[in-house]
Amino acid sequence: MKRLAILLTAISLPIDAGAGRAQPPSLSAARLHVSVEVDAHNVFIYRYSLENGAGSNAGIWKLTIDISLPAGASAPSAAGLAHGAGYFAPSSAAGRNPKADGAVPVALSAPQPGWKTTVGTDATARWVAQNTSLVFPKQRRNGFSLASHGPPALRRFSLAPYVDAERAPIMEPGDDPGELDRYQQEFDQYVESRSVVGTTLAPTGPVTVTADALLANLARQVVECRSLRWISNDAVTRSVTEKLQAARAAISRSQWELAVNILRALRNDVAAQSGKTLTVEAVALVDLNIQYTLPLVARR
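When you line the sequence shown up against the numbering used here, it's residues -13 to 286, in that order.
So this is what it looks like as structure tokens:
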């Protein structure tokens, strides 16, 4: 490889001594870590690990990552993708197909034992803990993975804490029609309100598959990396974006060899700054998108 309805057993909750009631579930300093590789078949392998902070008073119960297709984008190929451990097909009771809802084709795997994974009808990849397999405070869990032909992009994720339905501040369902749906909706909203959200790397589908369009999109994401503090300073951000613009200018003049040389040099530059002025996430974003783009330039 090239580098670069919840059924849980009872769990004790902290008690507010002054008020004599359970504290609301809270995640503190909960983090999602990611590394990305591309294999010999040009499949991007995304590996995630969950870390729960010492200040949390609940375990991490669910990880959700956006894998929706951007408007106007074509879905990457699904060839060679096969789900792994822990995958289950979403219920067909609602008569919906996740692919029809615009998700990037992916293959999912979950750590075993204790976790399940699926593609939601809202075009998200989901991993859900079963029984007592939560990621508790001061713990870290590896083994969450996703494979796709889609290149990495900045995508939204959320980490949801375990919420005891009997302790949630929600009115119990009555006997009237629709009460169960009302209760489930309010419970889901409460869980979401207690969740942590952030940005990670996950696959996307390019809207326009040309070298110029891919590099322009990468430059925009590099600027966003600075706001995420994945790039430590403005000077490095300018350096990377200027080199991407130089490659685009060479392409516009049909100077294909020059463009290839600029992009290969940029790969070396960002690799040398990994863990210094660029986080590993920023390096993976730049390096793997350049790898994705280079064949469109080199074969000219």
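Backbone N, C-alpha and C define an ideal beta-carbon position, used for all residues, glycine too.
Identify whether residue i lies in helix, strand or coil by the three-state DSSP scheme.
i	result
A199	helix
T263	coil
L274	helix
T107	coil
S225	helix
L140	strand
V121	strand
A93	strand
P281	helix
V149	coil
R250	helix
S240	coil
A(-4)	Interpretation of A(-4) is limited by its pLDDT of 28, a score under 50 that renders its predicted location unreliable; no figure is taken from the coordinates.
A257	helix
A268	helix
P155	coil
L(-10)	Residue confidence for L(-10) is low, a pLDDT of 40 falling below 50, so the modelled location carries little weight and cannot support an answer.
Take residue i as the anchor and find which of the options has the nearest alpha-carbon.
i	options	result
G191	T279, E172 and P138	P138
W101	N38, R234, Y278 and L49	L49
S119	A96, V222 and T104	A96
A221	A202, A199 and L264	L264
S14	R33, P76, L67 and S181	S181
I46	A270, G72, L67 and R127	R127
Q175	L187, T185 and I156	I156
V24	L274, T279 and P62	L274
G129	N254, V20 and R239	V20
Q241	L140, F74, A40 and D198	D198
Rounded to the nearest angstrom, how far is the Cβ of residue i from that of residue j, given a contact under 8 angstroms?
i	j	result
P189	F30	6 angstroms
N38	Q116	Going by Cβ atoms, the distance from N38 to Q116 rounds to 17 angstroms, so no, they are not a contact pair.
I51	T103	The Cβ separation is near 11 angstroms, so there is no contact.
S54	G88	6 angstroms
L214	V272	With a Cβ gap of about 13 angstroms, L214 and V272 do not count as contacting.
A236	I248	6 angstroms
A93	G72	Rounded, the Cβ-Cβ distance is 12 angstroms, inconsistent with contact.
S42	A16	6 angstroms
L187	A270	6 angstroms
P99	P62	Not confirmed; about 31 angstroms, so no contact.
A44	P147	4 angstroms
R212	T223	4 angstroms
Find out if the Cβ-Cβ distance for the pair residue i, residue j is shorter than 8 angstroms.
i	j	result
V183	R142	yes
L145	L18	yes
V149	P11	yes
V193	V208	no
R234	L201	yes
S131	R33	yes
L67	A26	no
E152	P159	no
Is any non-hydrogen atom of the ligand GDP found closer than 7 angstroms to the C-beta of residue i, if you look at the structure I gave you?
i	result
V121	As far as ligands go, the structure on display features none, and thus does not contain the ligand GDP.
Within the stretch 157 to 219, note down every full beta strand (DSSP E) run reaching 3 residues or more, in order along the chain. 182 to 189
Which ranges does the alpha helix (DSSP H) cover as unbroken runs of at least 4 residues, wholly within the stretch 0 to 74, from first to last along the chain? With a minimum length of 4 residues, no continuous alpha helix (DSSP H) run stays inside the stretch 0 to 74.
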